[in-house]
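**Q** Chains as they are written, first to last, in my numbering: chain G, 1 to 255; chain C, 1001 to 1255; chain V, 2001 to 2255; chain S, 3001 to 3255; chain B, 4001 to 4255.
Where is the CB? At the ideal position from N, CA and C, for every residue including glycine.
Source: prediction; values computed, not measured.
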Amino acid sequence: MDLSTIIGICVAFGLMLMAILQGGPLGIFIDVPSLLIVVGGTLGNTLVHYPFADVFDALNVAKKTLLYKETSASELITQLMEFANKARKEGILALQGAMNEVEDEFLQKAMQMAVDGQEPATLRSMLATEVEYIEMRHSKGANIFVSIAAYSPAMGMVGTLIGLVQMLQNMSDPSSIGPAMAVALLTTFYGAVIANIFCSPMAGKLKNRSEGEILIKTLMIEGMQSILSGENPRIMEQKLHAFIAPKLRESTFNK
Amino acid sequence: MDLSTIIGICVAFGLMLMAILQGGPLGIFIDVPSLLIVVGGTLGNTLVHYPFADVFDALNVAKKTLLYKETSASELITQLMEFANKARKEGILALQGAMNEVEDEFLQKAMQMAVDGQEPATLRSMLATEVEYIEMRHSKGANIFVSIAAYSPAMGMVGTLIGLVQMLQNMSDPSSIGPAMAVALLTTFYGAVIANIFCSPMAGKLKNRSEGEILIKTLMIEGMQSILSGENPRIMEQKLHAFIAPKLRESTFNK
Amino acid sequence: MDLSTIIGICVAFGLMLMAILQGGPLGIFIDVPSLLIVVGGTLGNTLVHYPFADVFDALNVAKKTLLYKETSASELITQLMEFANKARKEGILALQGAMNEVEDEFLQKAMQMAVDGQEPATLRSMLATEVEYIEMRHSKGANIFVSIAAYSPAMGMVGTLIGLVQMLQNMSDPSSIGPAMAVALLTTFYGAVIANIFCSPMAGKLKNRSEGEILIKTLMIEGMQSILSGENPRIMEQKLHAFIAPKLRESTFNK
Amino acid sequence: MDLSTIIGICVAFGLMLMAILQGGPLGIFIDVPSLLIVVGGTLGNTLVHYPFADVFDALNVAKKTLLYKETSASELITQLMEFANKARKEGILALQGAMNEVEDEFLQKAMQMAVDGQEPATLRSMLATEVEYIEMRHSKGANIFVSIAAYSPAMGMVGTLIGLVQMLQNMSDPSSIGPAMAVALLTTFYGAVIANIFCSPMAGKLKNRSEGEILIKTLMIEGMQSILSGENPRIMEQKLHAFIAPKLRESTFNK
Amino acid sequence: MDLSTIIGICVAFGLMLMAILQGGPLGIFIDVPSLLIVVGGTLGNTLVHYPFADVFDALNVAKKTLLYKETSASELITQLMEFANKARKEGILALQGAMNEVEDEFLQKAMQMAVDGQEPATLRSMLATEVEYIEMRHSKGANIFVSIAAYSPAMGMVGTLIGLVQMLQNMSDPSSIGPAMAVALLTTFYGAVIANIFCSPMAGKLKNRSEGEILIKTLMIEGMQSILSGENPRIMEQKLHAFIAPKLRESTFNK
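Structure, rendered in C-alpha cells:
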C-alpha cells in the first residue's frame, strides 16, 4: 500500500549494495561479531529504555505504516456535510442509522456521543483529550525509532573503539593492520546504516502519519460539534475547509 | 524574480568550481557510483520519510520560491485603509465591488465573509485556523529540505565508510592508497555540498517566505476585523502599523 | 520485576564482552588510571552540577526503577468506577471505608480531600500542583543520568588527549606507539560505554516511568473530580477511557 | 561606545595573531582561493537564505550594536514616576508638554496615545503587538549571524575536502604532502574563525541587546498604563521595580 | 558551605593531574601561548557576547554559589504556618512585628505588602513579575557559563588548526613532528578542560540553585496570599505541601 516507503528503502539499499559490489566482494562487509555487537547492543539499549510491550508495539506500528490506507480529508469533509444535511432534515437521531456505514471507530464514537445527546462542549473536550493521548502514544512509537537511530551509531563507535584498541596493541605484522582496521570500521558502518537508512526515515514517516491522523480526527471533532450545534452547513463547510489546502477544497454546494 | 537566491547559489557554486579547477582537473571530483549512492540514497531516505506527493509539492514550492513576488506590507495597509474608508462611507456591502481588484485569494475570502455578514469573532477564528494550517503546510515544505540536508551527509559518510573498508582490505599496492581514499572522500564531499550549498539555505529561505506570508495574512485578518467592527480608521491604522518596522509606516492621514 | 531493564543491560554488556574476548584477552581493556580519570572525573563533574542529596536520590530512583511495579491504568479505572458507584449509592463519606484498600498514597490523599468536603475545583488545583512538582522531581532524577551521559564522553576525550600528548612527545621508540595509543583510546571507550550502555537508556527509562506515573495520577484526579461532582458513571468512564489506548478499554457496563 | 565588544574582538584576534606569529610567518595562513571559497561561499549561502534587504539590515544592526547607548532602566523608572506625578497634579494632558523632552520614539507614541484618550487596555494591547514584532525583527537580525556561524564552518569543510581529494590524487612527491594538507586545512581554519570569533559572539550580543530593549519597552508600557489608570504612584513604583534587580531600585519616595 | 561543588572540582582535577603525572612530567602540558589563545580568546568572545557588567556579575554569582546557604522549604512552610496562625489570632497587622525575624528580603517585601493592605491578587501578580525577572537574571548568569563552555573548545580547535598548519608546512625534520603535534593538541585539551570540568557543571549548578530559589519564592507567594485571603490553615498547609516531596512534609498539626 505505502509504495513510497518500500521504493525508498529499496532504492537506498540497492544503490548501497551496488556501490559495495562494484568495489569488491560483498563478503568483506559481513562480519558476524561486528553485526552482533551493533544490532544486539542497540537492542539491549532499547530494552533498557523502553518496556518490552512498547518495543513490540513499535514493530506493529511500523508494519501498519507499510499497510496503512490514509483517509482523504476532502472525502471526510464531504461525508461530514452529508451527515450535517441528514441531521438538519431528519434530526440528530438519524445519525444512528448512518453510523453503520462509518468504518472509523473514532468517528463512530463521536456520532454515538452526539446521538446520546451530549453537550457540544463535553463532546469536544472528551474527544480532544482522546486525540491528545493518541498523539502521545503515536509519538512514543516514533521515538523508539529515534532512540534506535541514536543508539546504533553509538554502539558502532564502541565496536570500532574495541577493534582499534586490539589492532593497536598488536601491530607486529604491518600487513594485518589494514584488514584489522577495515573490520573495526564495519561496526561504525553498520551503526550508520541502521540509523540513517532504516530508523531515521521510519521515525519521520511515523510522525508524518501521526500528523495526518490527528488532522483527520480534528476534522471529525470540528464537524460533529458543528452538526450538534446545528450550525449553518455553509459555515460548517468553510470552517472545515480552513484545515486543508485550497486546492483540495471541493464545495458540496457548487456541485 | 528572486534575485538573491539565484545570485547566492551562483556565487557559492562558482567559487567552489573555481577552487576545484585551480587545483587540478574537474574530472577527479566526478565519480558516478559515489554520486549515485549519495543522491540516490538521500532520495530513498526522503521517500521513506515523506509520501511521494509531499516530495513533489516541495519541489513545486522551491520553484515558486524562485518566482515568488512578495506582497508589500505597507501597500497592503494602504489598501486596507481604502477599504475601511469605503466601508464607512458606503457600507460594508460596498466591499463586494472592491473584491474584483483584489488578487490575493485569502483577502478575497476575508472580504466575502465580511460581506456575508459574519460576526467579527467568527471571521477571526475561521481565518486564524486557516493561517495556522497554512503555516503547518509551509513548514512541512521547509522540513523536507531540512531532512535532505540531514540525510545527504549521512549517506556521504556511509559511502566513505564503504570506500575506506575496501581500501583497507586491499593495501598491497601503496600507490593506489591515495587515489582510493580520494574517491572514498568524494561521497562525503557530495553530501556536504548537497546539504550546505543547496538544502540548508533553501530551507531557510522557505521559512523566511512563510513568515512573510503569515505576517501579510495576519494583517489581512486584523484589518478586516477592524473594518467589520467599524473601528476608527486612525486607530485601525495605528494597530496595523504596530506589525511593521517604523521606517515602513506611511500614514494615509498625513498625505 | 523490571525484566526488560535487566535483560537489556545483560544483552548489551554480554555482546560487548564477547566481541572483546573474541579479539584478544580482556586485560588490554582494563587500565586503572584511565578508569579513574573517566569514572572519577565524571563523578566530580556530577557533584559540582548536583548537590550530594540529589545524586543519592538519583541512585535510589534508579534502584526503584528495577523493582518498580507499574499500576495498570485499566485496573485503576475499574477501581475508580467502583468508588463512583459506592459514592452514588452510599454517599461520598462511604469512600472513607474504601480508603483502607487503597495502597497508593496519592489516591488516598485525593479520597481524603473528597471525604473532607473540598470543592471539586480546589481538589483539582491542589492535586495538579502536586503532580506538576512530582514531574519536576522526576525529571531532575532523569536529568542526572542525562548529565552523566554528557560528562563521561567529555572526560573520555580529556583522557585521550592526555594520552596522545604524552605519546607524541615521546616517539623515539616506534614499537611503543601502538600500545600507547591503544591506552589513550581506552578513556574514550570507557566514556562511550558509560554514556551509551548505562546512562542514556537509564535516563530514557526514568522518563518513561515518569510519564506512566503522571498518567496514573492524572486519571486519579479526573476520577475523583468526577465522583465529587456526582457525574454520570457512564460519562465518567468514557472520560477516563479517553486517556488510554482503545484496546485497553474494558467497560464495566458491558460485564 | 560599546567598549566590551571592541575590546573583546581585539583581545581574541590579537592573541590569535600572536600565536600565529610566534610559530612562523603570517604568510602561510593566507591563501586567497581558500579565503574566497569560505567567505564567498558563506555569503552565497546567506543570500539564498535571506533576501538582500535583510542582510544589509543585519550589517546596519551590527554597526548600531557598536554605537548603541543603552537606556538605564532605573533612570527610565524615575522619569516615568515624574510623569505620573505630573499627570496626577495637572491632568493627563500635561504629558503633551513633557513629550518634547522624550527622545525615545516608542515612549513618545505611548504618551501620545495616553494624551489622545485611549483606553488603558487598548494602549497595552497595541503597544504589546508592537513589542512582539520588534522582537521578531531583532531576532531575525541575530539569526543572520547565527546562520553565518553555521554556514562558514560547513564551507570550510567543503574547502578542506576539495584540498584533500586533490592532494590524495597526487601523492607522487612525498615532500609536497605536508604543505598541500596545510593549505587544505586553511579553509577549516577560516570557517572556524569566522564562526567563533566573529559571528557567534555577535549574535549573542544582538540577542542581549534585544532583551535589554524589550525590557525597557515593557517598562514603558507598564508605566504608561499605570499613569493612564491613575494608579497610586507608590504601587506603580513597586510594580516597575519588580522588573529590575534589587540593587538597581532607587525609590523616588525615600529621597 | 557548598561542599559538593568544592569536592567535585577537587576530585575531577586531582584525578586528571594524577593521570598526567603518572605518564610523564607535568611540564609537557603547559604551553603559555596555547594557554593564552584559549583563555584569552574565550574571554574575548565572552566580552563581545556579554557586557562587562554581566561578566563580573557572573563571577560574583559563581562565588555566591560556593558560599550560598539554601533555605529549607519545609522550615519555610513551618514559618509561614506560624505567620498564618498569628494573623488569624491577632490580625494581619501583627505580621509587622514578625517581619524583624525574617532575613529574606523577598519575604519581607511580601509581608510589607500584606500589612499595607494590598489585595491578594495584586500581591500575587506583582511578586510573580518579580520572580519572573529574577529567573531571567539567574538564567543570564548560568548562560554566561554555558557560552564559555561553547567558546573554549572552539578556540581550542582554532589553536590546534594553527599548530597543525605550521607543523605541516615544516615537515623537513621528522623527529619534530611528534612534539609539534603534541603542542598543537594542547589547545584542544585546554578548551575541553575549561568547558567540561569548569563551566558546564558550574552552569548546571547555577541552574539548580535558581530552581531551588524560585521554588522558595513561589512558596512565599502562595503562603502570603493564603494568609491574606484568610484561608483555613489546614488547607493552606496542604497547598504548600503539594510543592515539596512527600518525605519532607511535616505537618504542624500532628505535633
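Which of helix, strand or coil does DSSP assign to C/Met1018?
**A** Within the second sequence, numbered from 1, the residue matching residue 1018 of chain C stands at position 18. In this structure, C/Met1018 counts as helix in the three-state DSSP scheme.
**Q** Using a Cβ-Cβ cut-off of 8 Å, state whether B/Met4202 counts as contacting chain V.
**A** The sequence position of residue 4202 of chain B within the fifth sequence is 202, counting from 1. Yes, its Cβ sits closer than 8 Å to a Cβ of chain V.
**Q** Among V/Gly2212, V/Thr2005, V/Ile2221 and V/Gln2225, which one has its Cα closest to the Cα of V/Ala2245?
**A** Here residue 2245 of chain V is taken as the residue at index 245 of the third sequence, counted from 1. By alpha-carbon distance to V/Ala2245, the top candidate from V/Gly2212, V/Thr2005, V/Ile2221 and V/Gln2225 is V/Gly2212.
**Q** Compare the C-alpha of S/Ile3221 against each of S/Lys3069, S/Ile3194, S/Gln3108 and S/Ala3142 and name the closest.
**A** The residue labelled residue 3221 of chain S in the question sits at position 221 within the fourth sequence. Nearest C-alpha to S/Ile3221: S/Gln3108.
**Q** Using three-state DSSP, classify G/Ala245 as helix, strand or coil.
**A** What you label residue 245 of chain G is simply residue 245 of the first sequence in a count that begins at 1. If DSSP states are grouped into helix, strand and coil, G/Ala245 belongs with coil.
**Q** Return helix, strand or coil for C/Ser1217, following the three-state DSSP convention.
**A** Translated into the one-based positions of the second sequence, residue 1217 of chain C becomes position 217. The sequence shown places Lys at residue 1217 of chain C, rather than the Ser named in the question. Note: C/Lys1217 maps to helix in three-state DSSP.
**Q** I'd like to check one pair, S/Ser3229 with S/Ile3194: are the Cβ atoms closer than 8 Å?
**A** Locating residue 3194 of chain S in the fourth sequence gives position 194, where the first residue counts as 1. Locating residue 3229 of chain S in the fourth sequence gives position 229, where the first residue counts as 1. Cβ distance not < 8 Å, so S/Ile3194 and S/Ser3229 don't count as in contact.
**Q** Give the interface partners of S/Gln3225 over in chain C, defined as CB-CB distance under 9 Å, in chain order.
**A** Here residue 3225 of chain S corresponds to residue number 225 of the fourth sequence, with the count starting at 1. Listed along the chain, the chain C residues whose CB falls inside 9 Å of the CB of S/Gln3225 amount to none; the nearest CB is some 16 Å away.
**Q** Using a C-beta to C-beta distance shorter than 9 Å, which residues of chain C count as neighbours of G/Gly91?
**A** Locating residue 91 of chain G in the first sequence gives position 91, where the first residue counts as 1. Under the 9 Å cutoff, chain C gives no residues; its nearest Cβ is about 25 Å from G/Gly91.
**Q** Am I right that G/Asn208 and C/Tyr1050 are in contact with their C-beta atoms under 8 Å? What's the rounded C-beta distance?
**A** The sequence position of residue 208 of chain G within the first sequence is 208, counting from 1. The sequence position of residue 1050 of chain C within the second sequence is 50, counting from 1. Confirmed, Cβ separation roughly 6 Å.
**Q** Using 8 Å for Cβ pairs, my map puts S/Val3257 next to S/Lys3217. What's the rounded Cβ distance?
**A** No information on residue 3257 of chain S is available, as it lies outside the stretch 3001 to 3255 that chain S covers here.
**Q** For the alpha helix (DSSP H) that contains G/Ile37, what are its first and last residues?
**A** Residue 37 of chain G sits at position 37 when you count from the first residue of the first sequence. Run containing G/Ile37: none; DSSP gives neither H nor E here.
**Q** How about C/Gly1163 and C/Ala1180: do their beta carbons lie closer than 8 Å?
**A** Taking the second sequence and counting its residues from 1, the one referred to as residue 1163 of chain C is at position 163. Taking the second sequence and counting its residues from 1, the one referred to as residue 1180 of chain C is at position 180. Cβ distance < 8 Å, so C/Gly1163 and C/Ala1180 count as in contact.
**Q** Could you give the distance in angstroms between the alpha-carbon of V/Ala2073 and the alpha-carbon of V/Thr2252?
**A** Counted from its first residue, the third sequence places residue 2073 of chain V at position 73. Counted from its first residue, the third sequence places residue 2252 of chain V at position 252. Straight-line Cα distance between these residues: approximately 14 Å.
**Q** B/Gly4041 to S/Ile3007, Cα distance in whole Å?
**A** Here residue 4041 of chain B refers to the residue found at position 41 when the fifth sequence is read from its first residue. Here residue 3007 of chain S refers to the residue found at position 7 when the fourth sequence is read from its first residue. Near 11 Å, if we compare the C-alpha coordinates of S/Ile3007 and B/Gly4041.
**Q** Counting only C-beta atoms, is G/Ile9 closer than 8 Å to chain C at any point?
**A** The residue labelled residue 9 of chain G in the question sits at position 9 within the first sequence. Among the residues facing chain C, G/Ile9 is included, as its CB has a counterpart in that chain under 8 Å away.
**Q** Residues of chain G with a CB under 8 Å from the CB of C/Phe1052: which are they?
**A** Looking up residue 1052 of chain C in the second sequence gives position 52. What C/Phe1052 touches in chain G: Leu3 and Ser4.
**Q** Under 8 Å: do the stretch 3230-3244 of chain S and the stretch 3076-3090 of chain S share three or more Cβ pairs, one atom per stretch?
**A** yes
**Q** Give me the Cα-Cα distance between G/Arg249 and V/Leu2215, rounded to the nearest whole angstrom.
**A** Numbered from 1 along the first sequence, position 249 holds the residue referred to as residue 249 of chain G. Numbered from 1 along the third sequence, position 215 holds the residue referred to as residue 2215 of chain V. About 38 Å.
**Q** Consider the Cβ of C/Gly1117: report whether some Cβ of chain G lies at a distance smaller than 8 Å.
**A** In the second sequence, the residue the question calls residue 1117 of chain C occupies position 117. No, because no Cβ of chain G sits closer than 8 Å to the Cβ of C/Gly1117.
**Q** List, in order along the chain, the chain G residues whose C-beta lies closer than 7 Å to that of C/Ser1147?
**A** As a working note, residue 1147 of chain C is residue 147 in the second sequence. In chain order: Gly204.
**Q** Closer than 9 Å, Cβ to Cβ, to anything on chain C: give me those residues from the stretch 3091-3105 of chain S, in chain order.
**A** Glu3105
**Q** Can you confirm whether the stretch 112-124 of chain G touches the stretch 184-199 of chain G when touching is taken to mean that 3 or more C-beta pairs between the two stretches lie within less than 8 Å?
**A** Cβ pair count under 8 Å is below three, so no.
**Q** Which of the residues in the stretch 3057-3087 of chain S, read from start to end, lie with their CB under 8 Å from any CB of chain C?
**A** none
**Q** Find out if the Cβ-Cβ distance for the pair G/Val38, G/Gly159 is shorter than 8 Å.
**A** The sequence position of residue 38 of chain G within the first sequence is 38, counting from 1. The sequence position of residue 159 of chain G within the first sequence is 159, counting from 1. Yes, these two residues count as a Cβ contact at 8 Å.
**Q** Return the chain-ordered list of same chain residues with a C-beta closer than 6 Å to the C-beta of S/Thr3071, the five sequence neighbours on each side being excluded.
**A** Translated into positions along the fourth sequence, residue 3071 of chain S becomes position 71. Closer than 6 Å at the Cβ level, and outside the excluded window around S/Thr3071, lie Ile3216.
**Q** State yes or no: is the C-beta of C/Gly1141 within less than 8 Å of the C-beta of C/Val1055?
**A** One-based indexing of the second sequence puts residue 1141 of chain C at position 141. One-based indexing of the second sequence puts residue 1055 of chain C at position 55. No, the Cβ-Cβ distance between C/Gly1141 and C/Val1055 is not below 8 Å.
**Q** Helix, strand or coil for B/Asn4196? Go by DSSP, reduced to three states.
**A** Position 196 of the fifth sequence, counted from the first residue, corresponds to residue 4196 of chain B. Helix at B/Asn4196.
**Q** Along the alpha helix (DSSP H) that carries G/Pro153, what are the first and last residues, could you check?
**A** Taking the first residue of the first sequence as position 1, residue 153 of chain G is located at position 153. Where G/Pro153 is concerned, the enclosing alpha helix (DSSP H) stretches over Pro120 to Leu168.
**Q** Name the residues in the stretch 2126-2160 of chain V whose C-beta lies less than 9 Å from a C-beta of chain G; which are they?
**A** none
**Q** Could you tell me which uninterrupted beta strand (DSSP E) segments, each at least 3 residues in length, are contained entirely in the stretch 4050-4090 of chain B, listed from first to last along the chain?
**A** none
**Q** If the cut is a Cβ gap below 9 Å, which residues of chain B does S/Thr3188 touch?
**A** The sequence position of residue 3188 of chain S within the fourth sequence is 188, counting from 1. Result: Met4157 and Leu4161.
**Q** With V/Phe2243 and B/Ser4004 assumed to form a contact (beta carbons below 8 Å), what rounded beta-carbon distance in angstroms separates them?
**A** Residue mapping note: residue 2243 of chain V aligns to position 243 of the third sequence, counting from 1. Residue mapping note: residue 4004 of chain B aligns to position 4 of the fifth sequence, counting from 1. In fact, because the Cβ distance is near 40 Å, the residues do not count as touching under 8 Å.
**Q** Quick one: using the 10 Å Cβ neighbour count with 16 as the cut-off for buried, is S/Ser3200 buried or exposed?
**A** Against the fourth sequence, residue 3200 of chain S aligns to sequence position 200. Buried, by the Cβ-count rule.
**Q** Compute the Euclidean distance between the alpha carbons of B/Met4167 and S/Ser3175, then round it to the nearest angstrom.
**A** Mapped onto the fifth sequence, residue 4167 of chain B falls at position 167. Mapped onto the fourth sequence, residue 3175 of chain S falls at position 175. Answer to the nearest angstrom: the Cα atoms are 13 Å apart.
**Q** What are the boundary residues of the alpha helix (DSSP H) that includes C/Glu1105?
**A** Taking the second sequence and counting its residues from 1, one reaches residue 1105 of chain C at position 105. Unbroken alpha helix (DSSP H) run through C/Glu1105: Glu1105 to Val1115.
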